[in-house]
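Numbering (our numbering), first residue to last: 34 to 383. The C-beta atom is built at its ideal place from N, Cα and C for all residues, glycine as well.
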């Protein structure tokens, strides 16, 4: 039973008013339950024994039984080898202070809800846990300031955010859109709700101009990147609709293409989504747990594939088919078909 099943089981049990125990419903913080039951030292020094580990890029993945994860005893603390290591505890600490301002003047405390309030300065210092002397000092401010050799000064000017329309227009070397701060737009609309005159009418026209230009700018980006035509090609290859091509992640398209290939091979597959859904950048992509060990035990030769996805390492395997047709699985056959189609398209455009 995984955390999701446990959560649903507990919810079902609670729905019929059965009494439960050790039933923390928060799956994200499951370690609290384990630490409480097994008395694990999560915030103090511990020793691991009889463990295994996997070395990946810049990190180790440790696997250890709960019974082999133990607090350091008093005798171990007195061990010179261990005590000398602990006295050099290099836990890193970041401290900061934030200064705010309100254009309403003194007596008006700045708040996050107020358009007249803003953060104009953040100062940070980095320390080892037990050392008051900073390793590094950083100073962020949004106005011009004189430099100081004691800290790194960063002046934060208005820049296009990397998630904004203005940013992508600039990246594509397209004319920038008309800009209108939200507070001004809200002010114009609020006035128009209260009264109608030549001034409010002109202000709403300006809002409309801003809105229209934004809509046109989105299309300019689509044209620049040939997006619609690419979506159509993907939809054609993966046997999906243009809507699917636009609004669903790559994983859905790959799955659909594999289902189509399976049907050609007289293989019946379920299209019910797996419960293990990727929660990173591409929502809707499904990750299936590998069965590498069972395949190895059956005598299959596996090729390991390690790649980065959503900031973490993903490990996958493929079966070595040695270019023998009877050894090829669904993926190699689909990839070969895609390669043939790709080469055909390239030859047509020469």
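Quick one, are the C-beta atoms of residue i and residue j less than 9 angstroms apart?
i           : j           : result
residue 290 : residue 250 : no
residue 170 : residue 157 : yes
residue 231 : residue 212 : no
residue 339 : residue 90  : yes
residue 363 : residue 350 : no
residue 359 : residue 333 : no
residue 233 : residue 225 : yes
residue 86  : residue 93  : yes
residue 369 : residue 361 : yes
residue 337 : residue 348 : yes
residue 298 : residue 366 : yes
Mind checking residue i: buried by the 16 CB within 10 Å criterion, or exposed?
i           : result
residue 321 : With a pLDDT of 48 at residue 321, under the threshold of 50, the modelled position of this residue cannot be trusted; read the value that follows with caution. Flag for residue 321 reads exposed.
residue 373 : exposed
residue 248 : exposed
residue 116 : exposed
residue 188 : exposed
residue 288 : buried
residue 49  : exposed
residue 131 : exposed
residue 281 : buried
residue 278 : buried
residue 271 : buried
residue 273 : buried
residue 51  : exposed
residue 162 : exposed
residue 384 : With the chain covering 34 to 383 only, the question about residue 384 has no answer from this structure.
residue 216 : exposed
residue 286 : buried
residue 307 : Summary for residue 307: the model assigns pLDDT 49, below 50, so the residue's position carries little reliability; its value from the coordinates is reported in the next sentence. It is exposed - the Cβ of residue 307 has fewer than 16 other Cβ atoms within 10 Å.
List the whole-angstrom C-beta distance separating residue i from residue j, where the pair is believed to meet the contact cut-off of C-beta under 8 angstroms.
i           : j           : result
residue 246 : residue 221 : Actually they do not touch by this definition, with Cβ atoms about 16 angstroms apart.
residue 254 : residue 264 : Not really, about 14 angstroms apart at Cβ, beyond 8 angstroms.
residue 159 : residue 167 : 6 angstroms
residue 84  : residue 97  : 4 angstroms
residue 95  : residue 73  : So it is not a contact: roughly 14 angstroms between Cβ atoms.
residue 78  : residue 119 : 7 angstroms
residue 133 : residue 152 : 5 angstroms
Consult DSSP for residue i and reduce its assignment to one of helix, strand or coil.
i           : result
residue 318 : Reliability fails at residue 318, whose pLDDT of 42 lies under 50, so the model's placement of it is uncertain and no value is given.
residue 51  : coil
residue 207 : coil
residue 234 : helix
residue 252 : helix
residue 377 : helix
residue 213 : coil
residue 229 : coil
residue 123 : coil
residue 343 : coil
residue 136 : coil
residue 308 : Confidence is the limiting factor: at residue 308 the pLDDT is only 48, short of 50, which leaves the residue's position unreliable, though a coordinate-based value still follows. In this structure, residue 308 counts as coil in the three-state DSSP scheme.
residue 369 : helix
residue 174 : strand
residue 141 : coil
residue 130 : strand
residue 273 : coil
residue 299 : coil
residue 105 : coil
residue 97  : coil
residue 258 : coil
residue 222 : helix
residue 79  : strand
residue 337 : strand
residue 331 : coil
residue 36  : helix
residue 169 : strand
Fill in: the segment 95–109 in contact with the segment 121–128 per 3-pair CB rule at 8 angstroms
no
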